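Heads up: the sequence shown begins at 95 in our numbering, then just goes up one per residue.
Below: the structure, in structure tokens.
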Amino acid sequence: MPFIMLTVLIDMLSVGLIIPVLPTLVGRFTASPSEQVFWYGVIAFTYGFAQFIASPILGALSDRYGRRPVLLLGFCGLAINFFVTAIAGAIWTLIASRLIGGAMQANAAVANAYVADISSPEERAKRFGMLGAMFGIGFMLGPVLGGILGAIDLQLPFFVAGTLALANLVYGWLVLPESLPPERRRPVQAKSLNPFASLRDLARLKGVGLLVAVIACSGLAQFVLYSVWVLHGSFKFGWGPRESGWSLFVIGVMSVLVQGFLLGKLLKVFTPQRLAILGLMSSTVAYLLWGAASQSWMVYAVIVVNVFGFTTASAIQSIVSTAANASQQGEAMGAVSSLNSLMAVLAPMIATPLLGAFSHHPQGDWRIGAPLYFCAALQGVSLLLAWLHFRSAGRAQPGLPAAPASS
């Protein structure tokens with residue numbers, strides 16, 4: 095477990111570095127804020143589309159050839175992506191580099207399958223939380239460092255991110271052990287390479303069903319937030335790369351505290367099903383409050399109190415992983431990642447026009463938060479679907495706790 099945690103930490107640190115500076119870099123090739131929002135949306139769409147296509151492919155390949163070689167391939171591709179972005183001289187170069195980056199970042203599904211390989215069903219929720227904490231640390235440190243480096247030179251964070259990706263490749267090559275023994279591997283099936291077929295198979299797993307829709311709605315809300323977070327902060331609060339970096343730092347701190355330390359304790363009190371319900375409730379309210387916030391301190395206050403919101407993904411992921419057998423972990427995690435990637439494709443198409451429509455309003459205006467109100471509505475739908483699913487599962491299987499009626 096320590097090996098894959100460090101690998102994911104370095105990976106996410108490199109990704110986090112570029113978050114606060116990428117919108118500004120896009121702005122270098124555009125003539126107006128609305129044009130900047132449009133092309134940033136195109137780049138985000140390209141990244142998500144590549145991830146959607148690549149996730150089931152990499153997951154299936156890892157089921158056949160092992161997790162380690164697929165992870166190493168991803169680190170190599172990310173390094174190329176970052177270095178090409180750093181020297182980009184036109185908007186099409188940025189689009190091409192993010193296409194590569196999206197495909198290679200799909201190895202997050204393989205990292206999840208790696209954790210499932212080395213964990214018992216009882217340990218998975220906690221260990222997915224530990225992996226989530228590594229994501230949190232990466233997003234905690236990366237954006238802050240990216241904001242600081244971006245203030246020196248806009249290309250510098252991309253060069254540093256590329257160097258970190260290369261370091262991860264070397265570390266993985268020398269230290270990372272294989273988690274999937276040969277006897278548990280299986281041939282690649284053509285249907286496993288089709289992202290839509292993999293989603294259908296995911297929905298057919300016993301105990302998953304309606305959770306696919308929950309993952310879709312919740313994921314779309316999350317990626318809408320990601321798509322506009324930096325630009326929303328800029329338009330509503332006048333944030334620059336440094337302020338955006340610090341806001342993401344606080345999100346990362348909370349993610350680490352909750353997933354790395356509190357999640358194990360919460361799982362002693364709540365089942366993953368109940369924790370998912372509480373998390374969806376908490377994040378629905380958080381999206382509403384973020385959208386309505388008129389001052390920066392309000393954003394930070396909501397981040398801090400949204401404790402249960404940081405547990406949702408790990409809770410649902412553990413339920414899905416438990417539903418898959420040992421030889422299906424790569425395919426199942428690839429399907430989940432692919433579904434999230436599809437939402438990442440749709441998110442900028444929805445989020446950037448919503449934000450662009452209200453970006454002309456003065457700083458602090460509540461209407462600039464329109465994309466976040468949309469997130470709240472999506473999360474509310476996720477909450478309803480999850481409650482219906484867990485209630486139905488509890489009735490069908492008396493041993494499985496149903497969602498509480500008061501939820």
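Backbone N, C-alpha and C fix where the C-beta goes; we use that ideal spot for every residue, glycine too.
Remember, predicted model here, so these are calculated numbers, not experimental data.
Note down the Cα distance separating residue i from residue j, rounded to an integer number of angstroms.
| i | j | result |
| --- | --- | --- |
| V393 | F317 | 18 Å |
| Q89 | A184 | The requested residue 89 is not part of the displayed model; the chain covers only 95 to 501. |
| A407 | I309 | 8 Å |
| M234 | L479 | 31 Å |
| D211 | R485 | 29 Å |
| Y381 | E129 | 26 Å |
| V264 | I104 | 12 Å |
| V416 | R218 | Reading off the sequence, residue 416 comes out as Thr, not Val. So the alpha carbons of these two residues sit roughly 8 Å apart. |
| L319 | G463 | 10 Å |
| T446 | F123 | 17 Å |
| A386 | S214 | 42 Å |
| G171 | L258 | 12 Å |
| V282 | P335 | 43 Å |
| Y134 | V344 | 24 Å |
| H455 | L472 | 24 Å |
| L243 | F177 | 15 Å |
| Q199 | A173 | 11 Å |
| I371 | A182 | 44 Å |
| A496 | H483 | In this prediction, A496 has a pLDDT of 42, which is less than 50 and means its spatial position is unreliable; what the coordinates show is noted afterwards. In a straight line, the C-alpha of A496 is about 9 Å away from that of H483. |
| F139 | F169 | 21 Å |
| A245 | G121 | 15 Å |
| G301 | M224 | 24 Å |
| R461 | S388 | 10 Å |
Write down the C-beta distance between residue i and residue j rounded to the nearest angstrom, noting that I regard them as a contact closer than 8 Å.
| i | j | result |
| --- | --- | --- |
| G266 | T101 | 6 Å |
| S109 | G226 | According to the sequence shown, residue 109 is Val rather than Ser. About 14 Å separates the two Cβ atoms, so there is no contact after all. |
| L299 | A418 | 6 Å |
| A470 | T378 | 5 Å |
| I413 | Q457 | Between Q457 and I413 the Cβ distance is about 42 Å, and since that is not below 8 Å, they are no contact. |
| A203 | L119 | Contact doesn't hold; Cβ gap of about 27 Å is too wide. |
| G142 | A438 | 3 Å |
| M348 | V398 | 6 Å |
| A429 | D295 | 7 Å |
Would residue i pass as a contact of residue j if the rule is Cβ separation under 7 Å?
| i | j | result |
| --- | --- | --- |
| F146 | L436 | yes |
| G476 | L374 | Per the sequence shown, the amino acid found at residue 476 is Ser instead of Gly. In contact: S476 and L374 (Cβ atoms closer than 7 Å). |
| S312 | P150 | no |
| G240 | I137 | no |
| A197 | A255 | no |
| W206 | M427 | It is Asn, not Trp, that sits at residue 206 in the sequence shown. Going by C-beta atoms, N206 is nearer than 7 Å to M427. |
| R162 | E272 | yes |
| G358 | K220 | yes |
| S156 | P289 | no |
| L165 | V322 | no |
| G327 | V238 | no |
| F253 | A180 | yes |
| V396 | V352 | no |
| L360 | A409 | no |
| F329 | S453 | yes |
| A148 | L287 | no |
| M106 | G195 | no |
| F390 | F468 | According to the sequence as given, residue 390 is Ser; it is not Phe. Contact flag unset, no. |
| G97 | V306 | It should be noted that the sequence gives Phe, not Gly, for residue 97. Contact: no. |
| W333 | L466 | no |
| S376 | G354 | no |
| V115 | P251 | yes |
| F222 | Q411 | yes |
Taking DSSP as the reference, what is the three-state secondary structure of residue i?
| i | result |
| --- | --- |
| H454 | coil |
| D459 | coil |
| F331 | helix |
| Q283 | coil |
| I194 | helix |
| A418 | coil |
| P237 | helix |
| Q473 | helix |
| S292 | helix |
| K300 | coil |
| A261 | helix |
| A480 | helix |
| A395 | helix |
| I181 | coil |
| T534 | What the structure shows of the chain is the stretch from 95 to 501, and residue 534 is not part of that stretch, so it cannot be assessed. |
| A387 | coil |
| N400 | coil |
| L119 | helix |
| P163 | helix |
| V269 | coil |
| D105 | helix |
| I212 | coil |
| Q353 | helix |
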